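Let me begin by presenting the structure, written as structure tokens, before commenting on it.
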Amino acid sequence: MSGRVVAYSSSPLLASRTPVWRSKFIVAGIALGFFGLAGRAAWVQVFGNEFYRKQGEVRFARTLELPANRGRIFDRNGLLLATSVPVPSIWAIPEDVERDKAKLVQLAKLLQMPLPELMAKLEEDRNFVWVKRQVDEATARRIAALDIKGIYQRKEYRRQYPEGEAAAHIVGFTNVEDHGQEGVELAFNKDLAGRTGSRRVIKDRLGRIVEDVGEQVPPVAGRDLQLSIDSKVQFFAYQQLRDAVVANKAKAGSVVVLDVQTGEVLALANYPSYSPAHRQNLTGAQLRNRALTDSFEPGSTMKPFAISLALEKGLVKPTTVIQTAPGRITLGGSTITDSHAHGDLTVTEVIQKSSNVGTVRMAMQLQPREMWELYTQVGFGQRPQVPFPGTVSGKLRAWKTWRPIEQATMSYGYGVATSLFQLARAYTVFARDGELVPVTLLKTEAPAAGIRVLQPQVAQEMRQMLHLVTMSGGTAPKAQTMGYSVGGKTGTAHKQEGRGYAEHKYRGVFVGIAPIDKPRIVVAVMIDEPSAGRYFGGDVAAPVFSSTVQQTLRMLGVQPDMNVKPQIVVQAVEESI
């Protein structure tokens, strides 16, 4: 087969001469294009590199926070009070989320939220949004099985509180960001939180990490804390308090247990309480750590301080007879009364029977400044030195402003306000032979060095008087404890309402020491607004003291110092209020 021969010279198009300028123009255009591309590349890579790098980082680079494991909280015996566990959280890149309605309906159902709420979340931001924080593992697995594009999971830490509501007011809780909000979790947040780390990465448009950028900063775990709290004492005290509040149809209650040798807080409980792990629909009444945040007029529990000062000044002795007849005394137009006319009482009997008149007669022999100084030395009117949120200082006015009637009422607990925690600490003066003990929420081994306030003999004499309060003829025989000698003081005070006092609203208080000869603990109990017929401190608070003392001393290994059972008393002497 012969090939066809093309005669190019015969083609008028191919035979025509191309102008030289045209070919030069085309070559110049191509060269100019190359120069433009080279210049653009130089600008992007060299001169404008910083701008484009930042733009790239904005679109694809992410700094991932590496959460630190929050420190654990232990009780004095090493039992867990708070710990962190890893849990999955659900997040999304909204612009990448697959809009499959059937899948989104299933996702909303698993997350227990209405579909409109889920869709609203996906409209909050284009690049990142938390869909739901801290879901359970089973839910996370079901969500992963849906395989929805743009929906991802991340591990976070959630706190668990094994002791629940019994230790809630001490331990507190954290929020979803793992920051302390209440209690020890807030007070020691800096130590517990540790330091978060970071990781700089490049992600593709699907949210997948394709490259690490820069140096990774590892997280630093938080420091563990060991509290002075004994979880067994705490639980038992809380249980007894709860039962007393319910039985007496009271509004609330608190109990504080202190180790007078070391100053450690062994228990601090309040009722009503809450579960730190389930905080939906909580009220302020449940959250409030009343033992530290509520101040009140302590009533007759203040009498031992004024009378101790009279003993210290040599104005009276325990056997000195005080005339209390006819059961009332008038100062500045105001009349102070006893619940019963007692006639002649020794100083010891004034404490035992809680005579307002007898206390006032001794207090009025003192200078206002002397009373104020003693009250201040034992901590009244001053914020307790414990790193705890919401602690109150109470109320103690400057002595220069006291009128005689105010000095008189302050001697038996009206006109001065204190928290239960302050009151418990003040009673360490009697337990430690006149020394005020500094208190701590952290475990310590060494005995605490006290601050001298009263002479040892005065404190010892007062302890013996307080012991008689719990015996037959005293105001608190229900405070007696099986196997252990105890002593303490009742207090029953009207509650303030506005500028006056509520007629039928009281606080019943008992603060005591055990064992009486070699004290180891101070226990303070307050029952707020008992309304089941009994309201005296010896009736509503003393039984909680008794059971708490017995359990605590047993757990501390303190040997019983009495071989007799508590006396069975039909009715206690009513205290003056």
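Just so you know, we're using this note's numbering here: the sequence shown kicks off at 1449 and counts up by one.
Glycine residues also receive a C-beta, built at the ideal position from the N, C-alpha and C atoms.
Quick caveat: nothing in here was measured; it's all calculated off a predicted structure.
Exposure label - residue i; buried when at least 16 CB within 10 Å
i, result
"H1915", "buried"
"M1449", "In this prediction, M1449 has a pLDDT of 48, which is less than 50 and means its spatial position is unreliable; nothing more can be read from the coordinates."
"V1795", "buried"
"G1956", "buried"
"A1874", "buried"
"A1698", "buried"
"R1968", "buried"
"V1864", "buried"
"D1965", "exposed"
Straight-line gap, residue i to residue j (C-alpha atoms, nearest Å)
i, j, result
"P1852", "S1859", "11 Å"
"D1742", "T1839", "8 Å"
"A1828", "R1589", "Just to set this straight, residue 1828 is Phe in the shown sequence, not Ala. So the two alpha carbons sit approximately 57 Å from each other."
"S1933", "R1520", "38 Å"
"S1841", "N1737", "14 Å"
"N1718", "H1942", "21 Å"
"L1558", "A1586", "10 Å"
"N1525", "D1678", "7 Å"
"D1584", "W1578", "15 Å"
"W1850", "P1832", "24 Å"
"L1763", "Q1813", "8 Å"
"I1541", "E1571", "10 Å"
"P1746", "A1616", "25 Å"
"D2009", "A1924", "20 Å"
"A1725", "M1561", "20 Å"
"G1775", "L1675", "48 Å"
"T2000", "V1681", "6 Å"
"A1980", "A1695", "8 Å"
"Q1800", "G1939", "12 Å"
"V1713", "E1546", "56 Å"
"G1948", "F1744", "14 Å"
"D1987", "V1834", "31 Å"
"I1755", "F1878", "12 Å"
"K1551", "L1563", "11 Å"
"V1553", "D1595", "13 Å"
"A1927", "D1626", "43 Å"
"K1597", "F1636", "41 Å"
"T1767", "V1708", "28 Å"
"W1539", "R1845", "56 Å"
"Y1862", "E2022", "18 Å"
"D1448", "G1922", "Absent from the structure is residue 1448, since the part of the chain shown begins at 1449 and ends at 2025."
"S1994", "V1970", "12 Å"
Residues of its chain near residue i, where Cβ-Cβ distance is below 7 Å and the 5 sequence neighbours each way are ignored
i, result
"V2018", "With a pLDDT of only 46 at V2018, under 50, the local geometry of the prediction cannot be trusted, and no value is derived from it."
"L1634", "G1620, G1628, P1837"
"V1992", "Q1688, L1689, A1692, V1703, V1973"
"P1667", "L1514, P1515, A1516, G1642, R1643, T1644, G1645"
"L1757", "L1814, E1818, M1819, L1822"
"A1789", "A1773, P1774, G1775"
"M2003", "D1678, K1680, V1681"
Option nearest residue i by Cα separation, candidates the options
i, options, result
"G1781", "T1824, A1856, P1774, D1707", "A1856"
"A1669", "G1762, D1639, V1681, G1921", "D1639"
"A1641", "R1518, A1540, V1834", "R1518"
"R1606", "A1616, I1799, A1530, I1478", "A1530"
"S2024", "Q1998, Q1905, S1802, Q1830", "S1802"
"R1671", "A1550, K1551, F1522, S1787", "F1522"
"L1706", "L1871, Q1664, Q1908, S1748", "L1871"
"V1885", "T1892, R1470, R1900", "R1900"
"G1985", "G1960, Q1664, P1467, A1592", "G1960"
Cβ neighbours of residue i in the same chain (closer than 6 Å, five flanking residues each side left out)
i, result
"P1610", "L1528"
"R1581", "S1537, V1624"
"F1683", "A1614"
"G1806", "I1770, T1772, L1793, V1798"
"A1950", "K1943"
"Q1825", "V1901"
In DSSP terms, what residue i is bridged to
i, result
"D1976", "A1700, R1955"
"V1535", "E1604"
"W1847", "Paired residue(s): none; W1847 is not in a bridge."
"G1939", "V1957"
"R1900", "E1883"
"Q1771", "D1792"
Proximal residues to residue i (C-beta, below 8 Å), its chain only, five neighbours per side dropped
i, result
"G1481", "none"
"G1612", "S1723, P1724, A1725"
"G1711", "T1876, V1885, P1886, V1887, T1888, T1892, A1896"
"D1733", "Looking at the sequence shown, residue 1733 is not Asp but Ala. Once the five neighbours on either side are set aside, the close Cβ partners of A1733 are A1700, P1720."
CB contact below 7 Å: residue i versus chain B
i, result
"L2004", "The structure shown contains no chain B, having only a single protein chain."
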